[in-house]
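So the protein lines, in turn, are chains Z and R. My numbering applies: residue 1 is where the first sequence begins, and numbers increase by one. My numbering applies: residue 1 is where the second sequence begins, and numbers increase by one. Structure record follows, encoded as structure tokens.
Number of protein chains: 2
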Amino acid sequence: MSKSNNVYKDAYNRGLRLLDETNSLPSEPELGALLGVSRTTIRTILARMEETGLIAWNKRSKTVLRAPRQDDFFPEEETDTLSQIIERSFMRRLLAGGAEPGMQINELELAREIGVGTTSVREFLIRFSRFGLIEKRRNSHWVLKGFTRAFALELTEIREMFELRSAAAFAALPEDSPVWADLDVLEDEHRLLAREIATRFNEFSELDERFHRLIHRASHNRFIVDFYDVIAMIFHYHYQWNKAQERERNEVAVTEHLAYIAALKSRDLGKVDAACRKHLKSARHTLLTSIPEGLQPQRT
Amino acid sequence: MSKSNNVYKDAYNRGLRLLDETNSLPSEPELGALLGVSRTTIRTILARMEETGLIAWNKRSKTVLRAPRQDDFFPEEETDTLSQIIERSFMRRLLAGGAEPGMQINELELAREIGVGTTSVREFLIRFSRFGLIEKRRNSHWVLKGFTRAFALELTEIREMFELRSAAAFAALPEDSPVWADLDVLEDEHRLLAREIATRFNEFSELDERFHRLIHRASHNRFIVDFYDVIAMIFHYHYQWNKAQERERNEVAVTEHLAYIAALKSRDLGKVDAACRKHLKSARHTLLTSIPEGLQPQRT
DNA sequence: AAACTGTTTTTTCACGATAAAAGACATTAA
DNA sequence: TTAATGTCTTTTATCGTGAAAAAACAGTTT
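If you want it as structure tokens, here you go:
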């Protein structure tokens, strides 16, 4: 088992959805662009679609023969990247308790437990290290720094610095910048969600990320933009872990976002600053209350 | 050639220097702590020292027999880490021109050129990616974003944000904090260097890094502290590359540092802010003038 | 001749294997 | 009985290898 063909399987599944819409598929390069994979993978997909009687394929003609059934799809879990699988296992371990700060992380053990090679685990840990939760001892093990109160405070400090600056940059953007249209779209989505918050509150986190990323992008600074990856990652797992008062929290956040959006549209820097600060403050509060342990003083 | 024994060789070389100072070496665990390696490596070192007649080794007694000669040392180049070797090759390529932004980076080609396995190159690129100079296309090549003017501006923007905040935090530190002693030491070193700047100007960059790292540490924020790695890396290679007016530049910087230190010691936040701003401004100017190309507007 | 399909080559991704280095355990000396 | 040395085990760092996926090249079709 050298390399799983999850790219193919995932693209195949997405490709199946195209069959519903048309009765003849476009050219190979076009399909490749559509599904974000190479022609090689597209041809493998087409070959299977032909085999399973979904399409008739002859050179340029790719006629749809029947609609895809449920069992045509590859199972969801086979479409994940190895690094996604490792990340999930790792985070589960980390959040499932018993993960004390200072604990050692063993590459070999992790690899065996997850059932993957050590190289993939190593690469994951290196990539993951930029989140500031783990640290490497040269020629030796990794050390878990832990999802502590100190971590949350350091994270939010940077977040607030970056977002205030990005928001100010956003508000200063010229009238004809395309971001204003993007903001309008997001505003509508917020309105819609606000109206149906009782049932759709769990859709907020995705909207939240898109909104903040839009703002951060206005900074035109790769370090600021990239830092949002850290925030997004933490919030992603934090929300999965802590479902307490999810509805209320999200309801408040949507309202704050709408006020924030209004402030941005007003282009009044004072208002923007105030709205941004208010939202960030409650975001910080939410994050902090989800960390059980008491405040640990940090040493250098 | 599975893994080079550079840890052993480097520790051996450093171990040789100990022989000059004493006529009998301490215990194995003590040596390990001293050289920062495990006992396993210490024992390999001691074995070789015995073999080459440098010491007489019998259990606890490790008597020095003769002073080390030049040819007892392992050659410098054999003591480097693989990742150091790869980094150097990569940066040489990157700075030696012909490295246009947008260019593809080929793992296999790099590995072959440097004469190492692809795994090491991959791991290096993943680690290096946090510097914001390269970016990965999933399942495909890396893209060079380039050491452009935009990069320098984005880097300095964050640097200034972080350092102003750290400097303020530093000045607010209590009287009895040990950092004030560290600062005094650094101040003396600056004074000494200032006096002999004509001959020792090339020693500045090392002092510069220690000074700024001390200040950043006062932020007590891992993201701020870690970000200095990006700055240090850029300055390291930038200084190697651009030797124009090195003496003058460093002379100015030393003076600015001394003013900055004085401001910190005054604990007057206004003065600290002014001194910090002034130094950062000239640091930015130095960096920007070393980038040849014209300003390229950045797109999102 | 532009855009497609068919075929071949190259590169990325992931694994198992192995030497270097770290770490753990057992034994011995002070 | 503490702290060292001697020995054995485990883990990390790195490579070569092979399948998946991308990319390049060549040949067709419209």
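Note that the Cβ used here is the ideal one computed from N, Cα and C, for glycine as well. Every value quoted in this text rests on a predicted model; they were computed, and no experiment measured them.
With DSSP as the reference, identify every bridge partner of residue i, one or two as the case may be.
i, result
"R/Ser61", "R/Asn58"
"R/Gln84", "Paired residues: none, contrary to the question."
"R/Ile105", "R/Trp142"
"Z/Ser24", "Z/Thr63"
So which residues on chain Z does residue i lean against when the C-beta distance must stay under 7 Å?
i, result
"R/Thr119", "Thr119"
"R/Asn358", "Because chain R spans 1 through 300 in this model, residue 358 of chain R falls outside it and cannot be assessed."
In angstroms with no decimal places, state the Cα-to-Cα distance between residue i and residue j.
i, j, result
"Z/Tyr228", "Z/Glu187", "20 Å"
"R/Leu214", "R/Leu144", "32 Å"
"R/Gln298", "R/Thr148", "Here the model assigns R/Gln298 a pLDDT of 38, short of 50, so the residue's position is not dependable, and the following value carries that caveat. Going from the Cα of R/Gln298 to the Cα of R/Thr148 covers about 10 Å."
"Z/Glu196", "Z/Asp268", "30 Å"
"Z/Ser140", "Z/Asn106", "9 Å"
"R/Glu189", "R/Ala181", "13 Å"
"Z/Ser205", "R/Glu123", "32 Å"
"Z/Glu135", "Z/Gly146", "10 Å"
"Z/His220", "Z/Thr40", "36 Å"
"R/Ala198", "R/Glu251", "9 Å"
"R/Ala259", "Z/Leu94", "46 Å"
"Z/Pro26", "Z/Arg159", "44 Å"
"Z/Glu163", "R/Asp273", "22 Å"
"R/Glu109", "R/Val179", "47 Å"
"Z/Glu78", "Z/Ala11", "12 Å"
"R/Thr289", "R/Gly97", "17 Å"
"R/Tyr237", "R/Glu209", "13 Å"
"R/Ser308", "R/Gly32", "What the structure shows of chain R is the stretch from 1 to 300, and residue 308 of chain R is not part of that stretch, so it cannot be assessed."
"R/Thr255", "R/Ile231", "21 Å"
"Z/Ser4", "Z/Ala244", "37 Å"
"R/Arg48", "R/Gly117", "29 Å"
Which chain R residues are close to residue i, counting only those with a beta carbon under 8 Å from its beta carbon?
i, result
"Z/Gly132", "Arg222, Phe223, Asp226"
"Z/Ile85", "None at all; the shortest Cβ gap to chain R is about 15 Å."
Which two residues bound the contiguous beta strand (DSSP E) that contains residue i?
i, result
"Z/Glu135", "134-136"
"Z/Leu144", "142-144"
Could you tell me whether the Cβ of residue i comes closer than 8 Å to any Cβ of chain Z?
i, result
"R/Ile105", "no"
"R/Ile45", "no"
"R/Ile291", "no"
"R/Leu295", "The pLDDT assigned to R/Leu295 is 41, lower than 50, so where the model puts this residue is not dependable; a value taken from the coordinates is nonetheless given after this. For R/Leu295, the answer is no, since every Cβ of chain Z falls outside 8 Å of its Cβ."
So, does the CB of residue i fall closer than 8 Å to a CB anywhere in chain R?
i, result
"Z/Val7", "yes"
"Z/Ala11", "no"
"Z/Arg161", "It is worth fixing the name first, because residue 161 of chain Z is Met in this sequence and not Arg. Z/Met161 counts as touching chain R."
"Z/Ile158", "yes"
"Z/Asn58", "no"
"Z/Asn23", "no"
Identify the continuous alpha helix (DSSP H) that holds residue i and give its terminal residues.
i, result
"Z/Val179", "179-195"
"Z/Leu258", "246-266"
"R/Gln70", "Neither: R/Gln70 is in no alpha helix (DSSP H) and is coded neither H nor E."
"Z/Lys329", "Because chain Z is modelled from 1 through 300, residue 329 of chain Z falls outside the range shown and cannot be assessed."
"Z/Leu46", "39-51"
"Z/Leu173", "Note, Z/Leu173: premise wrong, no alpha helix (DSSP H); not H, not E."
"R/Val230", "222-241"
"R/Ser205", "204-217"
"R/Phe124", "118-128"
Determine the chain Z residues that contact residue i at a beta-carbon separation under 9 Å, and present them in chain order.
i, result
"R/Glu123", "Thr119, Arg122, Glu123, Ile126"
Taking residue i as the query, report the chain R residues whose CB atoms sit under 7 Å from its CB, ordered along the chain.
i, result
"Z/Glu154", "Asn221, Arg222, Phe223"
"Z/Asn242", "The premise fails here: Z/Asn242 is roughly 23 Å from chain R at the closest Cβ pair, so nothing lies under 7 Å."
Kindly examine the ligand ADP and report whether one of its heavy atoms sits closer than 7 Å to the Cβ of residue i.
i, result
"R/Thr118", "Although the ligand ADP was asked about, the structure shown includes no ligands whatsoever."
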